[in-house]
Structures are given as structure tokens and as C-alpha cells.
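Novice:
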Amino acid sequence: MEFAFTEEQQMIRDTAAAFLAEVSDSEAVRRAMATEQGYEDGVWQRVCQEMVWQAMHIPEAYGGMGLGYVELVAVLEQMGASLLCAPFFSTVCLGVNALLVAGSDEQRARYLPAIAEGSLTATLAYTGVSRRWDADAIAVSCEPRGDGYVLNGTLRYVLDGHTAGLVAVAARAPGTSGEAGVSLFLLSGDSPGLTRRWLPTMDQTRRQAELVLEGVVVGADGLMGEAGAGWPALRRIIGLATVALAAEQAGGAQRVLDLAVAYGKERYQFNRPIAGFQAIKHKAADMMLRAEVARSGVYYAACIADEALGGGRLADELPEAASVAKAWCSDAYFRNAGDSLQIFGGVGFTWEYDVHLYLKRAKASEHLLGSGAWHREQVAAMLLDQ
Amino acid sequence: MRLQFSAEDEAFRQEVAGWLRDNLVGEFEQLKYRGGPGDEHMYPEQRKRWERKLAQGGWTCVGWPRAHGGRGCSIEQQVIFFEEYARAGAPGRVGHIGEGLTGPTLIAFGSESQRARYLPGIVAGTEFWCQGYSEPGAGSDLANVKTKARFDEQRGVWVLNGQKVWTSLAHEADYCFVIARTDPDSVAHQGLGFFLVKMDQPGIEVRPIQQITGTSEFNEVFFDDAQCDADDIVGQPGDGWKVAMGLLGFERGVSTLGQQMAFQNELDQIVALARANGAARDPAIRQRIAQAHIGLKIMRYNAMRMLSGSADGSLQREALIYKLYWASWHRDLGELAMDVLGPECDILEGAPYQLSRLQSMYLFVRSDTIYGGTNQIQRNIIAERGLGMPKEPKVAIR
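Protein chains in written order, with this note's numbering: chain A, 268 to 653; chain B, 450 to 847.
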């Protein structure tokens, strides 16, 4: 057992921190926030060409780097800390994972090299307007027609859905519910019948879109896996994405602490830095506890994610490990962001200081792929109902 | 990062589990799941015999170096030992203070003669220790100890006067390590000594403290011209604080993973209860049971990080928060246990004050957030050492 970053993994983390300090500082984030696309092409291309992070866990056979999930979460933590505005999470944590888990050899060979070279972005869309993140969230219908399928319905909360070149879509056979009848498809972003609308969001550091499918035709080569039997694969994809999101959250939870402590050491009231008051110190200590154990949960889940991608002995632990990490990290990030704002005091309430960006990102991330309460209920069901 | 233990370590796990299975029988069968925190007053003589049994199997002091009589186990093997020990329900260790605190302290700071005199009895499971730190006026402010140690030149012995408190197992112990003031004019961290004191002598009186549970495992210990030999001071007069602080470092050892197994046993009992009495259908209880489960999983992962160390040698932040984390988690678990019981939580197993295991746990966990550094002291330490936040301004000594 060696449950710590290797030297290589530490180097990847440190390189990421240094690079992101340069390309994703406050000014860069605010420039990206002002765009409808949600990111700057220049920054994304630097990520793709200089860091090659989009290729990190794509196998070498498809032009990737062939690294694992531990390396991925090391970088995601830093992205979360710096609020990187880029189609990274959607492309890599949703799109690539969908292809790796559910794609055929041919589908992987067609899309993964393009993603690895930075010329294609991707995302996953599976939920309609609901508070659910399980199979019951799937509302789009698919019906066979000729060799292919016709898809109808509305998808919401689709990350970077208005810009992604490739969209993996979950749909269900008419009359089915729950885990039955679910199929996964690959659509081009410009498919006829697909209307994509950018949804303005309170958290401006990550874009969400609504996708309306009206008679979208998908050929047989767009079906991922077996028709009607897609839920187990989709569940695994969602689990992998959930671990990745938790890693971002852990990074954010740490950064809002760091910002608050730095501010508290500079801010003088009553002739003392406010960081010297126990009321502030104890709040900060609780924040550090939340951030620190958040990392522990994420690193374990990342090891399990590697097992799930590689078919390892512990692969079946993914749903639990993902829920453990997401439940903890969702609450930790939001509470830390709130506490950070409180330590900043009045200036934390301004648009000028960055704390509000984290508060908003924390709440949005908390509800993506299931809130803490949602994941606790998943865990409760595993413990109490089986 | 890798999660699996090596084949060699897994074989070691089988060896430990097998030994416990073969030996935790007969007169020791009744000790299963007994003698832990909140239950330390139970079966003292049988548990001392169990210590000797462990020693015969070579299962005391597994983490000590072989040169000092230990088993020389790797960190992984120590983790495995404590996990299997807890999994088997083996009893709370009467020898844990000697094994976990006295021994490592003497190995680090003691003289050759002190090691030769005291370590073998700990390894053999025949000599037991207690800890004389806290005093009525020295709780969170540990450096404020008033117990005095004076060297009697004529008789060539140290003479101790004062009072210690919260001394667990004092009535079962053969020896006590004591911090006491060697320089009567000193204050705070200066002028302290660290002494090794025999309990069975006229100058020492032990009085049990009746606790919130109605039982007594903590004690007050009174020193009235108690004595120890000239060479029963660890280090020099004035080194006491350094030795005591070094010892606090040993307190968060690998046994924490065994402690987590005991927590898991408690949580399992709560889950079974909730399923049986219908609490498992209450959405609020479901959230809290899940939160307890998640909290315990994360506690384990955090401990795994802590034990794996940091390859870059940086401050182990995950170790700094550990006491605050587990103590708070355990306190919440106690409350959850009562809320799963519902109104039944108030009904005892018998008169005059016979608590069930969960009731006893619920009450005892209130001490977890107080002893070994309160949650508030932990937060000060985290803020100052972990985050570099300023210390409180010094106030003139009254």
C-alpha cells in the first residue's frame, strides 16, 4: 500500500499549478466569463498544445498519454482551484470517459485521436429537467428507424453543450423506465434537428446548455454498445465524471481557504491582523479539515476509477467511492466558500474580489451530478435497503 | 498511489487472523469487544492475562525495533495487525500506554539502563503503565503543571509532591510516567522533568473518578513525598517538556486504523438497529447514517495517506487535522446511535445504572473531543502550525 503521490505525480500537480497561475489568473477567468463560448480559444489551445492534458488518460494507441485517473485528479484539483474556464471537464471527464467505457473500437479510433490532438471537444448529455441523476433522469426517447434511430426530447444541464463538437446522448425506448431500455448514442454537434441553446448561468466559469432534439436521425454506427442495455456503462461513465468533479471541488475548497488566510493576515482590525483572532482561526481550521479530508476521499476514488477503467478487482466499488467523494466534496467546497466570504467580510460581497466566483462555482458544482444529499441517499440505499 | 497490500503482507494478515482465531478462546472468549474506551474498567485481571498470551505469541510491541524486543513490523504490517486485532474483537489493551507511549519515549530519549530496566516488562505483557500529565490546573494549558520534583541529595532519590488527574488505568498500573517541575521557580515549559515512578509505594494514592457513565476508568493520583530513583528521570531536569511533546507525536500512531475498525463495529450495530426498528425508513436518519458511513470511509483514506507519508517531506497536513476529525465524527456517531434508538435510548438494561454498549458509547464519546487536546486546542494548533496564523497575544501572568 502506497497511498501518496509519486514524484512524477507531484511534478504533474506542481506543473499544473504553475501553468494555471499564468493562464487562468483572475483577469483571464473574467475575460472568459464574458464570452458566450465560455472560454478563450487561445487558453484552450495552450492547454492542448503545451500541457496536452486533454490526452492524459487516452490510451497511447489512440494518440493519448496513457496516464491514469490519479494523474487526472491531480490536474483537476488545480483546475478547480484556479477556476479554469475551458471545455476540459466536458471533453475529458464526460466525452473521453464515455468513449472509453461505451465506445466501440471503431468509435474510439474515429474520435479519440481528434480529441487527443486538441481539434475536437465533446460532452455527455443524459438528464432532462429533473432533480435526478440516475437512470430515471433520462427523458429523451429513441425509436428504431431503418438501420438507425430517431431521437426526440430535451436535455438540460449539458456542460459546454452549445460548443461541443461531439455529444454523447442517453435516450430510452418508449414506454421504458428506470434502468431498462437505455441506449447511448454519439451525435455530431451540428446534427440536423438538434437545437442548442446556451443557458446563462449564475456560475459564469462553466457553461451549461439546453439541447432540443426534434427527429434527430442517428445511424447504426452512432449507437454505443447494445441498444437498450446502456445503463451499466452510463452508470460507470457518470461515476468517473463524479470523481473528476469531486477533484475540482477539493481544489476549490483548498483555494478559498488559502485566499481567506492570506487576506486575514493582511487585514488589520483592532490593531491586529484578523487572522490572529480565534473566531477566525477556528473557522479556518475547520475549513482546512474539510479540504484536507476531501483530498483523501478524492485520491481513493481516483484509485478506484483507475480500477474501473482497467477492469481491476475493485472496479465495482466505483459507485460507492464516487458518492463518498462527491458528497463530502460538495459540502466541503460550498461551506468553505461561504466561510471564506465571511472572513473577507465586506469586500467578499463585491464583484471585484474573486470570492463570489468560488461561492457560485461551489453551489453549481454541488448540484451537478448530484448534491451531497443525493449521494448520501445513494449510500443509504446501499447500506439500508439491500 | 496503489491500494493493494503486497502478497507478503496479505500472508502476514492471515497469520495474525489465524493466531487470534486460535487464541481468543476459552477464558478469553468473554473478552471479545470488551475493555475498549468506556469499558476499560472491565475484566482487568483477565485482560492482563491476555497481554501475557499476546506476548507469548510475539504480538506485543509489533512496531518496536527488534533490538528493543519488538517485532520490527513495517508500517503496513502494523496497520494489518491493528486492523485484524479490532476485526477479531480482541479486547482493549491494558498494555497500550506502555507499548504506545512509554516504550517509544524510552527508545527515543531514555538511557541504556532505563531501557534495560523497563522495556522487557512491557514486551512481556507483565508490567503496565499509566500517564501522569493533566492536573486540576493543567488541562488544555498542559505546561502549567504544579507537581514538584525535588532531588533529595542525602537519600539520592527524587521526591514528588502534587496531584495528577484523568489518569486512566492508574489503579491497574505498575508504573506512571509523570511530568513535574524540577525548578520550583520556573513557569510554563521551562524547568520540567519527566519521571518514571513506581505506583506501589506509600507516597501514592489513587482515587477513582466516577464518570458520566457511572463507571470509573479515570483516576486522580496524589503524590505525597512519592519517590523514584536518581536515574528514573528521562533526559535532564528541564528536558521534561521536550520529552513530553515528543511523546505526543507517538500518540497518533498506526493504532488509529484499529480504532477505526472499532468504530466500524459500532456503526454496523447502528445500521443493524436501524434496519430492525424502522429508523432506516426515516429520510433524516438515512442521511445521517450515510454521512457517518462516508465520514468513516474518508477517515480511513485520510489515515492511509497519513501512514504513507509525504514523498516530498512536507508537513503532513492530513495528520494535523486527524484528532479533530475523528473525535468530532465519533461524537456525532454517539448522537446518531441515540436518535436511531429513539425513545428507547433512555431505557437502561438494568438498575442501578446498567448501560447498553451504544448508550455507554454515546456518553463516553463526550470525552473524545476533550482529552488529548480539546477540539478548540486542536483548532488552535491547526491554524497556527498548518496555516501559519498568529498566536494569541501573551497576557501577563497572574
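Every residue, glycine too, gets a C-beta built ideally from N, C-alpha and C.
What you are looking at is a predicted structure, and each value in this text was computed from that prediction instead of being measured.
1) Identify the contact partners of Met753 (chain B) in chain A, using a Cβ-Cβ distance below 8 Å as the criterion.
2) Evaluate Ile610 (chain A) with the Cβ neighbour count: other Cβ atoms within 10 Å of its Cβ, from every protein chain shown; 16 or more gives buried, anything less gives exposed.
3) Name, please, each residue of chain A whose Cβ falls closer than 8 Å to the Cβ of Gln736 (chain B).
4) Measure the C-alpha to C-alpha separation of Gly640 (chain B) and Pro842 (chain B) and round it to an integer number of angstroms.
5) Less than 8 Å between the CB atoms is what I'm expecting for Asn668 (chain B) and Ser563 (chain A), so what's the real figure, rounded?
6) Comparing alpha-carbon positions, which option in B:Ile770, B:Lys613 and B:Arg806 lies nearest Glu798 (chain B)?
7) Is the beta carbon of Ala295 (chain A) sitting closer than 8 Å to the one on Val310 (chain A)?
8) How far does the beta strand (DSSP E) with Tyr811 (chain B) in it extend, from its first residue to its last?
9) Suppose contacts are defined by Cβ-Cβ distances below 8 Å. Is Leu635 (chain A) in contact with Leu512 (chain A) by that definition?
10) Measuring CA to CA, which of A:Tyr424, A:Ala406 and A:Phe355 is closest to Ala389 (chain A)?
11) Roughly how many angstroms separate the alpha carbons of Tyr534 (chain B) and Cys522 (chain B), rounded to a whole number?
12) Which residues in chain B have a C-beta closer than 8 Å to the C-beta of Leu650 (chain A)? List them in chain order.
13) Alpha carbons only, please: which of A:Glu384, A:Ala447, A:Met300 and A:Ile405 is nearest the one belonging to Ala353 (chain A)?
14) Alpha carbons only, please: which of B:Glu767, B:Arg730 and B:Met710 is nearest the one belonging to Asp553 (chain A)?
15) Give the DSSP-derived three-state secondary structure of Tyr582 (chain B) in the structure shown.
16) Pull up the DSSP beta-bridge partners for Asn603 (chain A), would you.
17) What residues from chain A crowd round Ala729 (chain B), counting only those whose CB sits closer than 7 Å?
18) Mind pulling the beta strand (DSSP E) runs of 3 or more residues that sit fully within the segment 598-647 of chain B?
19) Can you give me the C-alpha to C-alpha distance between Asp680 (chain B) and Leu480 (chain B), rounded to a whole angstrom?
20) Is it the case that the Cβ atoms of Leu608 (chain A) and Ile738 (chain B) are separated by a distance below 8 Å?
21) Apart from the five residues on each side of it in sequence, which residues of its chain come closer than 7 Å, Cβ to Cβ, to Arg754 (chain B)?
22) Show which residues of chain A have a CB atom less than 8 Å away from the CB atom of Phe819 (chain B).
23) On the three-state DSSP scale, how would you describe Val449 (chain A)?
24) Can you pull the chain A residues whose beta carbon is under 7 Å from the beta carbon of Gly521 (chain B), in chain order?
25) Does Trp400 (chain A) come out as helix, strand or coil in the three-state DSSP assignment?
26) Do Asn419 (chain A) and Gly482 (chain A) have their beta-carbon atoms positioned less than 8 Å apart in this structure?
27) Would you say Cys570 (chain A) reaches chain B, if we count a Cβ-Cβ gap shorter than 8 Å as a contact?
28) Determine whether the Cβ of Asn829 (chain B) lies closer than 8 Å to any Cβ atom of chain A.
29) Cβ of Ala589 (chain A) within 8 Å of Cβ of Arg643 (chain A)?
30) Give me the Cβ distance between Ile661 (chain B) and Leu812 (chain B), rounded to the nearest whole Å; I'm assuming they're in contact under 8 Å.
31) Mind checking if Arg496 (chain B) is an interface residue toward chain A, Cβ cutoff 8 Å exclusive?
32) Below 7 Å on C-beta distance, what does Trp595 (chain A) contact in chain B?
33) Identify the contact partners of Glu767 (chain B) in chain A, using a Cβ-Cβ distance below 8 Å as the criterion.
34) Can you confirm whether the segment 809-827 of chain B touches the segment 720-730 of chain B when touching is taken to mean that 3 or more C-beta pairs between the two stretches lie within less than 8 Å?
35) Let me check understanding here. Comparing Cα to Cα, which of A:Asn538, A:Leu433, A:Asp598 and A:Leu507 lies closest to Arg628 (chain A)?
36) Once DSSP output is grouped into helix, strand and coil, what is the label at Gly531 (chain A)?
Specialist: Result, derived from the coordinates:
1) Met268, Phe270, Ser563 and Tyr567
2) By the neighbour-count criterion, in which a residue is buried when 16 or more other Cβ atoms sit within 10 angstroms of its Cβ, Ile610 (chain A) is buried.
3) Ala640, Arg643, Glu644 and Ala647
4) 23 Å
5) Not confirmed; about 37 Å, so no contact.
6) Cα-wise, what sits closest to Glu798 (chain B) is B:Arg806.
7) Result yes, Cβ atoms of Ala295 (chain A) and Val310 (chain A) sit closer than 8 Å.
8) Taken as a continuous stretch (DSSP letters only), Tyr811 (chain B) belongs to no beta strand (DSSP E), being part of the alpha helix (DSSP H) at Arg806 to Phe813.
9) yes
10) A:Phe355
11) In a straight line, the C-alpha of Tyr534 (chain B) is about 15 Å away from that of Cys522 (chain B).
12) Val720, Ile738, Ala739 and His742
13) Per the Cα distances, A:Met300.
14) B:Glu767
15) coil
16) Paired residues: none, contrary to the question.
17) Leu651
18) Note on the segment 598-647 of chain B: whole beta strand (DSSP E) runs with a minimum of 3 residues are 606-614, 624-630 and 641-647, in chain order.
19) 38 Å
20) no
21) Contacts found: Glu767.
22) Sequence check: residue 819 (chain B) is Ile here, not Phe. The contacting residues do not exist; Ile819 (chain B) stays about 16 Å from chain A at best.
23) strand
24) Those do not exist, as Gly521 (chain B) stays about 18 Å from chain A at its closest Cβ, beyond 7 Å.
25) coil
26) yes
27) With respect to chain B, the C-beta atom of Cys570 (chain A) has a partner C-beta closer than 8 Å.
28) yes
29) Taking C-beta atoms as the reference points, Ala589 (chain A) and Arg643 (chain A) fail to come closer than 8 Å.
30) 5 Å
31) no
32) Within chain B, the residues near Trp595 (chain A) are Ile743 and Ile747.
33) What Glu767 (chain B) touches in chain A: Glu559, Val560, Arg562 and Ser563.
34) no
35) A:Asp598
36) helix
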